[in-house]
Amino acid sequence: MSNEATVSVPELDFNTPSARRKRKMRAFKDKAATVGIGIGGISVIVAILLIFFYLLYEVMPLFRSATVEPWQQNGQVVSPYALPGQGKTLYLAMEEQAEIGLRLTDAAEAIFFDTRSGDIVRQQSLNLPAGVSISSFALISDARRLFALGLSNGKALVVRHDYKASYPDGVRVLSPELSYPLGTDPIPLGDSPLELLTVNGDGDNWRLIGGNASSLTRTDVELSENFLSGEVETSIETTGLAQPNVKATKLLLMPDRRWLLIAAQGGKLAVSDLQAPNDASITQIINATNGDIEAFELLLGGNSLMLADSKGRVSQWFLVRDEQGSWQLTPIRSFDTDGGTLSSFTTEHRRKGFATLDSEGTLKLFNTTAQRTVLSEKLLDGPADQIAYAPRSNAMLLERNDTLSFWAIHNEHPDISWSALWDKVWYEGYEEPAYVWQSSAANNDFEPKYSLMPLAFGTLKAAFYAMLLATPLAICGAIYTAYFMAPGLRRKVKPVIELMEALPTVILGFLAGLWLAPFIELNLAAVFLILLVIPASILAFAFGWAQLPNRIRFMLPDGWDAALLIPVVMLATWLSFALAGPLENLLFGGDLRLWVSQTMGISYDQRNALVVGIAMGFAVIPTIFSITEDAIFAVPKSLSYGSLALGATPWQTLVRVVMPTASPGIFSAVMIGMGRAVGETMIVLMATGNTPIMDVNIFEGMRTLAANIAVEMPESEVGSTHFRILFLAAFVLFMFTFVVNTLAESIRQHLRQKYGSL
1 MSNEATVSVP ELDFNTPSAR RKRKMRAFKD KAATVGIGIG GISVIVAILL
51 IFFYLLYEVM PLFRSATVEP WQQNGQVVSP YALPGQGKTL YLAMEEQAEI
101 GLRLTDAAEA IFFDTRSGDI VRQQSLNLPA GVSISSFALI SDARRLFALG
151 LSNGKALVVR HDYKASYPDG VRVLSPELSY PLGTDPIPLG DSPLELLTVN
201 GDGDNWRLIG GNASSLTRTD VELSENFLSG EVETSIETTG LAQPNVKATK
251 LLLMPDRRWL LIAAQGGKLA VSDLQAPNDA SITQIINATN GDIEAFELLL
301 GGNSLMLADS KGRVSQWFLV RDEQGSWQLT PIRSFDTDGG TLSSFTTEHR
351 RKGFATLDSE GTLKLFNTTA QRTVLSEKLL DGPADQIAYA PRSNAMLLER
401 NDTLSFWAIH NEHPDISWSA LWDKVWYEGY EEPAYVWQSS AANNDFEPKY
451 SLMPLAFGTL KAAFYAMLLA TPLAICGAIY TAYFMAPGLR RKVKPVIELM
501 EALPTVILGF LAGLWLAPFI ELNLAAVFLI LLVIPASILA FAFGWAQLPN
551 RIRFMLPDGW DAALLIPVVM LATWLSFALA GPLENLLFGG DLRLWVSQTM
601 GISYDQRNAL VVGIAMGFAV IPTIFSITED AIFAVPKSLS YGSLALGATP
651 WQTLVRVVMP TASPGIFSAV MIGMGRAVGE TMIVLMATGN TPIMDVNIFE
701 GMRTLAANIA VEMPESEVGS THFRILFLAA FVLFMFTFVV NTLAESIRQH
751 LRQKYGSL
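No gaps in the numbering here: position 48 of the sequence shown is 48 in the working numbering, and each next residue is one more.
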């Protein structure tokens with residue numbers, strides 16, 4: 001009799017309606033998942049492309065060429081019209097909205113007219129004494145609407161043209177008028193006609209210099225209000241000036257009223273320091289050009305001299321200190337006018353730009369900071385007699401043969417060029433060319449400095465020091481956790497480190513700026529000592545542990561060795577702080593920070609790259625650690641076991657089998673960590689001092705592209721050059737991460753192909 005039991009297994013029927021429904025549902029789910037994942041991936045790509053094109057849309061106007069065309073009113077082109085009034089034009093100008101123009105004539109008439117039609121709005125005679133005529137004209141400032149007239153009786157009159165707006169019946173009406181900042185009575189400078197004149201001043205203090213080619217006189221005017229009567233009293237002091245050994249043709253007085261610039265015959269240029277003793281006031285006589293000086297004007301702010309000669313060459317000059325500390329008028333840059341003879345020259349009211357019109361009628365617009373020709377276009381059939389910029393640089397009046405033409409100019413961002421963004425630029429007031437970011441200042445005469453080099457350098461500097469700290473710690477920690485650590489300990493360590501990534505970076509930045517930076521400054525010696533003592537202590541402990549008998553070492557379960565290092569690190573840290581004081585007294589005079597600054601000549605800022613490296617490294621470590629640990633742990637155990645079975649040691653297996661196999665993942669971890677460091681905002685914003693300087697010094701701060709955007713975007717005017725430059729910074733950051741990630745993916749694929757067969 002058989003003892004075997006018979007088990008019946010029911011047959012599965014895969015053709016039942018229920019089974020067919022399940023197969024269809026599974027196929028539908030697979031298809032839906034495939035489509036959903038595909039749509040999600042495409043959506044990510046589309047979102048990135050939209051960001052790219054939006055940034056490009058905001059940036060492209062920066063590089064759009066300037067244009068000029070006849071002004072259009074109600075869709076109709078404004079045709080040239082006859083010159084309003086009589087007499088020769090001494091000065092041509094416009095008010096803010098370019099609606100009303102001013103024409104000052106040699107007959108002492110100020111004619112205000114409609115710039116669109118030429119109709120006279122108001123005609124006003126200047127307050128000149130009987131029998132006195134205008135002998136010279138001096139522009140004080142287009143931006144302040146000030147000019148001065150030299151008179152045939154040796155006196156000067158300072159005039160301002162103003163425009164008051166009123167709204168009768170809700171309609172805006174402009175009322176032009178002339179005012180006299182120094183009073184209606186002309187200021188005496190001498191007895192002979194003023195063939196040369198220059199004036200500068202503001203408020204209650206003014207300085208006038210005038211005379212002729214052989215004799216110059218200085219007059220200082222001080223206005224004061226009598227607190228009893230309320231009347232304005234004028235104090236006038238006149239002194240003679242030392243005469244340069246040149247024949248003066250034009251004069252310019254800089255806004256500080258210290259420096260007098262003299263253009264002379266033969267292309268000579270003299271500089272007079274009015275604060276020096278009278279017999280030593282002429283500090284320089286320069287052969288500025290081989291031709292005669294035709295245009296001689298100060299750029300916006302009065303710090304730069306623009307000089308044009310009879311051969312059409314235009315150059316920019318400003319005062320620079322030499323090695324002895326003396327101020328020297330120095331040629332900074334020149335501009336290409338194609339050798340044409342200039343007939344007219346004018347500067348912009350609110351930007352560092354100027355315009356020229358040559359004898360062929362070609363208009364050229366330039367920007368000095370960017371050192372670029374913004375526009376070159378032929379407008380007239382010959383030279384112009386006068387040229388005038390609108391205050392907003394959006395319009396221009398051209399006078400030729402008793403005819404005025406009115407032109408619209410579209411030139412929004414002339415101060416941007418490749419050199420202004422990425423090369424050294426010699427800015428006003430600087431002793432040499434430099435990379436500078438300074439987008440705003442307290443005055444309207446400011447020269448914007450939009451160099452992106454300090455921001456790009458700061459971005460790479462912050463990322464470098466963060467990665468220098470984070471990469472070795474994260475990768476080494478991941479190697480030990482994934483390959484050597486006991487599974488029970490790994491299950492506790494890995495989540496704790498990954499939890500660090502959830503800590504808001506604003507908290508890290510807050511702690512770095514308000515606690516870590518002062519702490520490092522006070523304990524600088526201890527911080528550097530920790531970098532030496534902790535590794536040495538770990539190596540010493542490891543060596544000592546290896547010398548212990550096996551019965552003691554084997555009491556600790558395999559893979560739990562790292563737990564023993566916790567007290568070792570804590571003890572080494574305490575020892576570093578205990579030894580820092582005596583070593584600092586012995587080697588550095590009791591203050592390492594002071595020794596670094598004074599003895600080594602290395603500047604120290606409290607919020608510096610060392611602080612950023614520690615704080616941002618702490619933020620980057622979890623990212624690199626997590627991806628690296630997963631990549632190493634995912635290496636098939638069969639590879640490790642096979643290597644060990646063939647006689648390789650664990651370290652040989654790690655280095656020659658596990659690490660090459662995991663190298664694509666490790667490389668990706670490093671690149672993702674670098675991307676995180678490059679794009680970090682809050683930590684560098686709060687822990688660097690936000691100083692846009694280029695210095696590799698670890699004790700100096702920096703400003704990154706991301707932090708700069710966060711700081712300045714809320715303050716920028718929408719559509720302005722500053723606004724679009726910030727978008728350009730974002731575009732640069734976007735392209736940097738795109739290129740780095742593309743390169744990283746290419747290398748990762750190469751590593752995967754190389755080691756994928758292991």
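Glycine is no exception: its CB is placed at the ideal position from the N, C-alpha and C atoms.
Remember, it's a predicted structure, so these values are computed and weren't measured experimentally.
Apply the 10 Å Cβ neighbour rule to residue i and answer buried if 16 or more other Cβ atoms are within range, or exposed otherwise.
i: T346; result: buried
i: S2; result: Confidence in S2 is poor, its pLDDT being 49 and thus under 50, which makes the residue's placement unreliable; the coordinate value appears in the next sentence. Burial call: exposed.
i: L499; result: exposed
i: F625; result: buried
i: A32; result: exposed
i: E323; result: exposed
i: F738; result: exposed
i: R760; result: Because the chain is modelled from 1 through 758, residue 760 falls outside the range shown and cannot be assessed.
i: F667; result: buried
i: P557; result: exposed
i: L587; result: exposed
i: W206; result: buried
Measure the Cβ-Cβ separation of residue i and residue j and say whether it is below 9 Å.
i: L503; j: V68; result: no
i: A66; j: I409; result: yes
i: A463; j: M674; result: yes
i: W71; j: F457; result: no
i: P181; j: G154; result: no
i: S419; j: Q371; result: yes
i: I520; j: I614; result: yes
i: F296; j: A263; result: yes
Kindly give me the distance between the Cβ atoms of residue i and residue j, rounded to whole angstroms, as I take these residues to be in contact under 8 Å.
i: A486; j: W560; result: 5 Å
i: M671; j: T688; result: Wrong, their Cβ atoms sit about 23 Å apart, outside the cutoff.
i: R160; j: L139; result: R160 to L139, Cβ: 12 Å. No contact.
i: F137; j: L90; result: 5 Å
i: V246; j: I285; result: 6 Å
i: L174; j: E99; result: 6 Å
i: S439; j: Y450; result: 7 Å
Using the C-alpha atoms, what's the distance from residue j back to residue i?
i: F510; j: R490; result: 31 Å
i: F112; j: T105; result: 11 Å
i: M600; j: R593; result: 10 Å
i: G801; j: D402; result: Outside the shown range of the chain, which is 1 to 758, sits residue 801, and nothing can be said about it.
i: Y604; j: F541; result: 35 Å
i: Q598; j: G589; result: 11 Å
i: I530; j: G429; result: 44 Å
i: R122; j: Y163; result: 12 Å
i: I293; j: S344; result: 13 Å
i: F727; j: P176; result: 41 Å
i: T623; j: A669; result: 7 Å
i: E231; j: G183; result: 12 Å
i: L300; j: P255; result: 11 Å
i: E233; j: A288; result: 42 Å
i: R20; j: T34; result: 21 Å
i: V59; j: E712; result: 16 Å
Over what stretch of residues does the beta strand (DSSP E) that includes residue i continue unbroken?
i: T330; result: W327 to F335
i: W545; result: Per DSSP, W545 belongs to no beta strand (DSSP E); it is in the alpha helix (DSSP H), L524 to Q547.
i: D220; result: S215 to E225
i: T89; result: T89 to M94
i: F112; result: E109 to D114
i: K494; result: Premise fails: K494 lies in the alpha helix (DSSP H), P487 to M500, not in any beta strand (DSSP E).
i: L298; result: I293 to L298
i: I120; result: I120 to S125
i: P255; result: Premise fails: P255 is in no beta strand (DSSP E) and is neither H nor E.
Over what stretch of residues does the alpha helix (DSSP H) that includes residue i continue unbroken?
i: P622; result: A609 to F633
i: I286; result: No alpha helix (DSSP H) contains I286, which is instead part of the beta strand (DSSP E) from I282 to N287.
i: F147; result: Premise fails: F147 lies in the beta strand (DSSP E), L146 to L151, not in any alpha helix (DSSP H).
i: S135; result: From DSSP, S135 is part of no alpha helix (DSSP H) but of the beta strand (DSSP E) over I134 to S141.
i: Y54; result: P17 to V59
Check whether the Cβ of residue i lies closer than 9 Å to any Cβ atom in chain C.
i: I48; result: Absent here is chain C; the protein component of the structure consists of one chain.
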